[in-house]
Every structure is written in C-alpha cells, then in structure tokens.
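In the numbering used here, the protein residues as written are 45 to 259. Even glycine gets a Cβ: it sits at the ideal position worked out from N, Cα and C. Please read these numbers as outputs of a predicted model, since none were measured by experiment. Just below is one structure, and these are the notes that go with it.
Structure, rendered in structure tokens:
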C-alpha cells in the first residue's frame, strides 16, 4: 500500500538549533499538530499542505544532496507514515533528526534518528500534554529541549532535569529562551549560577532571518 504524508514544505537552510546548529540541513515540515503552544512560530503548518508519497519526498530531498535531514512540523508523529519515512531516510545514509512535541509516543522511532523531544513548560500552555513515558526511550543519540518563558518555567525545567536525571538519559539537554518573552542573557546567567549540565540554545534562524518562512 502506498504510504503518503501531508507536507507543508521541504527546504534547504542552516539548522538553527539543536546539536547540529549551523550545519546545512534539509527540513521536511509535516502538516498538522494536536497542540497549540502559545509561542508557536509554525502555525501555518497546522493545516493545508501537499500530499506526497515517500518516494516523491525522498527524491525531493536527494535533489539538495544533503548530509543532514530534520523532520519537523507541526507534530511529525501525528502522521503514522512519519515512522517509515524516518527509516527510509536513515537507510539512505543521512544523519536524521526528529523534532517532536513529546506529546506522542516515540517508542517506534528508528534508534538511528536523533529524537529532539520537547518537554512543554507551564508557560507553553500545553504542559498537561507531556508524555513522560517517552523519557525511558531516550538514548545518548537524543536531545531534550525546554522552551522557557519565565523564571517560573526555568525553575520547573530544573526540577524535571533533576527528577528524571535527563543529562544521563539524553546526549543533550537544551534550554532555549522563548523568543520575545525571556531575555537570553537572563537565562544564561541562571544556568551559570546554578552550574547546570545543560546547553543554552539560541535560535540561529531567528537571528539571521527574523523568522522568515523557508529558513
């Protein structure tokens, strides 16, 4: 049976965040998301898109001759055919990452994929959607991300870092200031003051291109 995915966009740019920040990457943005985070910057991916076969997606990706692929959304795992897409991308020899909200089951994701799992803070307005069962599926190949909107969010994130020993479960723990909500220097100062085993993450694409679509 032909496997299809609804795709909002496929584009080539620099990765703006995570451990591969700054590296030329093809982004495959899937359409649809069951969450509504108050700071979402990709609401245009909630609906619409183009239905594409896995073969057509792979052909489009190959045309860029990339090394790195990021499957993102929306929420990619909301479409069941995301799982075989990830497998096919790994089989093709790409270094693949998956950006997921953490609200859906990640257990079926190919272990070759670097899962970037978001833990939603109270300030996101979607903290109740966190699926903490996903933490047991984290490996050193994976990354955990917190988008932090306030000091209260920071304290909450630190509590989860300690509770689940996330620095021992994942390869990277990323603390990112919510754009226009939290001063990055304040977050940097808190991280240093508390000597946290986390990486401050700035969104390179917003610095370079000011949130223009396609970057």
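So what does DSSP say about residue i, is it helix, strand or coil?
i, result
"residue 196", "helix"
"residue 164", "coil"
"residue 83", "coil"
"residue 128", "helix"
"residue 202", "helix"
"residue 184", "coil"
"residue 207", "helix"
"residue 178", "helix"
So if DSSP puts residue i in a beta bridge, which residue, or which two residues, is it bridged to?
i, result
"residue 51", "74 and 94"
"residue 244", "219"
"residue 59", "Answer is none; residue 59 lacks a bridge partner."
"residue 142", "115 and 159"
"residue 108", "According to DSSP, which records beta bridges pairwise, residue 108 is partnered with nothing at all."
"residue 68", "58"
"residue 191", "220"
Who are the Cβ neighbours of residue i in its own chain at under 8 Å, not counting the five residues just before and after it?
i, result
"residue 235", "219, 242 and 244"
"residue 149", "121, 175, 177 and 178"
"residue 106", "136"
What distance in whole Å lies between the Cβ atoms of residue j and residue i, which are believed to be in contact at a cut-off of 8 Å?
i, j, result
"residue 62", "residue 160", "5 Å"
"residue 138", "residue 113", "5 Å"
"residue 196", "residue 83", "Their Cβ separation, rounded to whole angstroms, is 15 Å, which puts residue 196 and residue 83 out of contact at 8 Å."
"residue 58", "residue 248", "6 Å"
Measure the CB-CB distance between residue i and residue j and report whether it falls below 8 Å.
i, j, result
"residue 188", "residue 214", "yes"
"residue 125", "residue 48", "yes"
"residue 200", "residue 155", "no"
"residue 132", "residue 93", "no"
"residue 141", "residue 157", "yes"
"residue 95", "residue 128", "no"
"residue 210", "residue 202", "no"
For residue i, collect the residues of the same chain with a Cβ closer than 6 Å to its Cβ; drop the 5 residues on either side in sequence, then sort them by chain order.
i, result
"residue 170", "79, 81 and 164"
"residue 162", "145, 146 and 189"
"residue 118", "74, 75, 76, 77 and 89"
"residue 198", "192 and 234"
"residue 115", "72 and 142"
"residue 53", "73"
By Cβ distance below 7 Å, which residues in the same chain neighbour residue i in space, the five residues on each side in sequence not counted?
i, result
"residue 181", "150 and 151"
"residue 246", "228"
"residue 104", "54"
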